[in-house]
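Just so we're on the same page, this note's numbering is the position in the sequence shown counted from 1, plus 11.
Let me begin by presenting the structure, written as structure tokens, before commenting on it.
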Amino acid sequence: MNTTLLDTLAKQLMQGNKGLLAMDESTATCNKRFAELGIPQTEAYRRKYRDLIVNAPGLEDYISGAILVDETTRQSTDDGKLFIDILKQKGIIPGIKVDEGAIPMIGFPGEKITEGLDGLADRLKAYYTQGLRFAKWRAVITIGSDIPSLTCIKSNAYTLARYAMFCQDAGLVPIVEPEVVMDGNHSIQKCAEVTTEVLHTVFNALYQHRVDLEGMILKPNMILPGNDSAEKPTADQVAEATVKCLLRTVPATVPGIAFLSGGQPAADASERLNSMHKLFDDVMPWALTYSFSRAVQQPALELWNGKDEHIAVAQEALVFRASCNSAAKMGKYTAAMER
Ligand code: 13P
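The structure is reproduced here in structure tokens:
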């Protein structure tokens, strides 16, 4: 394993004002988002959509790495240019989602375990040859009356650690994503407790599996109340709860943390990331940025709506959201930037 290369790559992904773009919706998820807007759910339309994204002018000013899904790695523009090559030409490092989705965990009602370790070493080798340099694996932790169970947390943590080790062995930086989802009516305090437990367990598993902590990136949730909770914390309260939790659980040697958005409204996600930098820049040992999917893409997807004549305006909206989040990473985002 070449830890120096991995460490350099991880730092490159976290550089300056930049964040990651998670354009790795599985075919099922992408189709679901298309269906909500009446966009045809075909390979041709998924290709058009990914074409719009990778070719968005100025995306490279804000995005250091783009997480793709397997289908996208083989797709190209109308004139035959692979999307991977377009990203590389723009200086955006291409990455790949390698988990095969979260399935119900037998014996643990309401809980999930992520699949995809079988054959992973070979898939990673092939992805490396295709030019992909980092990977992502998402574990799902749900809060409910008796869940999450310790078994679910531990199983997912071990799976994440095994995945991370496979990635580093193949020369790809692992993005380790244990997502405590926002479904439910739990309090912000409950989310903090569960996320703290999950992150302690994940870093213990990473240590036990001999993962190079300098050559990985953590992709966590922000600390937020459940979607059905009446609590409405301010951005500063979310920032405080989130950074406190991360300071307690994430070793200082980890180069970077890049949040998922989890279904938060786009402007809220920017404001909360901004508050973290505004209030805690002095005490955070790692780079702190974004790896959003919905909070960067959703407004663009709605504007595009499957129509060629809307591509330019959708691209502008996509790059605009990325610019807001990059401003937030520098603690310079303001609500006045929204239009
Ligand atoms: P969201 O930002 O929409 O939560 O997606 C991030 C992601 O990569 C989920 O795996």
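Virtual Cβ for every residue (Gly too), placed ideally from N, Cα, C.
What you are looking at is a predicted structure, and each value in this text was computed from that prediction instead of being measured.
Query	Result
Kindly identify the DSSP beta-bridge partner or partners of tryptophan 148.	Val187
Is DSSP giving serine 240 helix, strand or coil here?	coil
Pull up the distance between the alpha-carbon of isoleucine 74 and that of alanine 278, whole angstroms please.	18 Å
Which full runs of the beta strand (DSSP E) of 3+ residues lie inside the region 260 to 298, going along the chain?	267 to 270
Closer than 6 Å: is that where the CB of leucine 93 sits relative to any heavy atom of the ligand 13P?	no
Excluding the 5 residues flanking asparagine 336 on each side, which residues of the same chain have their C-beta closer than 6 Å to its C-beta?	Gly30, Ser281 and Tyr301
Would you mind listing the alpha helix (DSSP H) stretches within the region 194 to 253 that are 4+ residues and don't spill past its ends, in chain order?	199 to 219
Helix, strand or coil: which one does DSSP assign to alanine 2?	Since the first residue shown for the chain is 12 and the last is 350, residue 2 is missing from the structure and cannot be characterised.
Between which two residues does the beta strand (DSSP E) holding alanine 113 run?	113 to 115
Tell me which residues share the same chain as alanine 181 and place their Cβ nearer than 6 Å to its Cβ, disregarding the 5 neighbours each side in the sequence.	Leu135, Lys136 and Tyr139
If you drop the 5 nearest sequence neighbours on each side, which residues of the same chain put their C-beta closer than 6 Å to that of leucine 329?	Ala67 and Ala311
Using 8 Å for Cβ pairs, my map puts methionine 12 next to isoleucine 78. What's the rounded Cβ distance?	About 22 Å; that fails the 8 Å criterion.
Just the Cα atoms here: how many angstroms apart are threonine 83 and tyrosine 60?	10 Å
Check the C-beta distance from isoleucine 234 over to alanine 263 and give it rounded, since I have them as a contact under 8 Å.	Going by Cβ atoms, the distance from isoleucine 234 to alanine 263 rounds to 20 Å, so no, they are not a contact pair.
Tell me whether serine 75 sits in a helix, a strand or coil according to DSSP, three-state version.	strand
So, for proline 296: in the same chain, excluding its five sequence neighbours on each side, which residues have a beta-carbon less than 6 Å away from its beta-carbon?	Ala263
I need the residues with a C-beta less than 5 Å from some heavy atom of the ligand 13P; please give them in chain order.	Ala33, Arg149, Leu271, Ser272, Gly273, Phe303, Ser304 and Arg305
Can you give the beta carbon distance from glutamate 251 to serine 198, rounded, assuming they're within the 8 Å contact cut?	Not a contact, Cβ separation roughly 15 Å.
Do you know offhand how far leucine 257's Cα is from alanine 298's?	12 Å
Determine the DSSP secondary structure at phenylalanine 177, reduced to helix, strand or coil.	helix
Alpha carbon to alpha carbon, how far is glycine 49 from isoleucine 154? Give it in angstroms, no decimals.	32 Å
Name the DSSP beta bridge partners of leucine 31, please?	Gly76 and Ser302
Around the Cβ of alanine 246, are there at least 16 other Cβ atoms within 10 angstroms (buried) or fewer (exposed)?	buried
Under a three-way DSSP split, which group does serine 337 fall into?	helix
Leaving out five residues before and five after asparagine 406 in sequence, what residues of the same chain have Cβ atoms less than 8 Å from its Cβ?	Any answer about residue 406 is impossible in this case: the structure gives the chain only from 12 up to 350.
Starting from the C-beta of isoleucine 268, find all residues in its chain whose C-beta is less than 8 Å away, skip the five residues before and the five after it, and write them out in chain order.	Ile228, Leu229, Lys230, Pro231, Leu257, Val261, Trp297, Ala298, Leu299 and Thr300
Determine, using beta carbons only, whether isoleucine 114 and glutamate 126 come nearer to each other than 7 Å.	yes
Helix, strand or coil for threonine 15 per DSSP?	helix
Using the Cα positions of arginine 221 and methionine 176, report the straight-line distance between them to the nearest angstrom.	7 Å
Near leucine 128, what residues of its chain come up, given a Cβ to Cβ distance below 7 Å and the 5 sequence neighbours on each side ignored?	Thr170, Arg173 and Tyr174
Starting from threonine 38, trace the beta strand (DSSP E) both ways and give me its first and last residue.	Counting along the chain, threonine 38 falls outside any beta strand (DSSP E), though it belongs to the alpha helix (DSSP H) covering 38 to 48.
Can you list, in chain order, the stretches of the beta strand (DSSP E) that have 3 or more residues and sit fully within the region 80 to 116?	104 to 108 and 113 to 115
Can you tell me which of Asp133, Leu63, Arg85 and Leu183 puts its alpha carbon nearest to the alpha carbon of leucine 314?	Leu63
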